[in-house]
Amino acid sequence: MTELDNLIQTANTLRSPGGCPWDAEQTHESLVQYLL
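Just remember that our numbering sits 22 ahead of the position in the sequence shown, which is counted from 1.
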């Protein structure tokens with residue numbers, strides 16, 4: 023498994039039912055403040 027595959031799997035886990043509530047609530051608009 024590549025590092026990209028690991029990242030995709032982690033993101034899918036966080037956003038899945040029962041995953042991280044904070045991640046599930048985020049939108050593109052709410053994440054703008056975290057961009058460099």
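Quick reminder that beta carbons are idealized off the backbone N, C-alpha and C, glycines included. Remember, it's a predicted structure, so these values are computed and weren't measured experimentally.
Pairing Leu57 with Asp45 gives a Cβ-Cβ distance that is not under 8 Å. The three-state secondary structure of Ser38, taken from DSSP, is coil.
The C-alpha of Thr32 is placed about 22 Å away from the C-alpha of Glu51. Going by DSSP, Leu53 is part of the alpha helix (DSSP H) stretching over His50 to Leu53. In this structure, the straight-line span from the alpha carbon of Glu47 to that of Asn28 is close to 22 Å.
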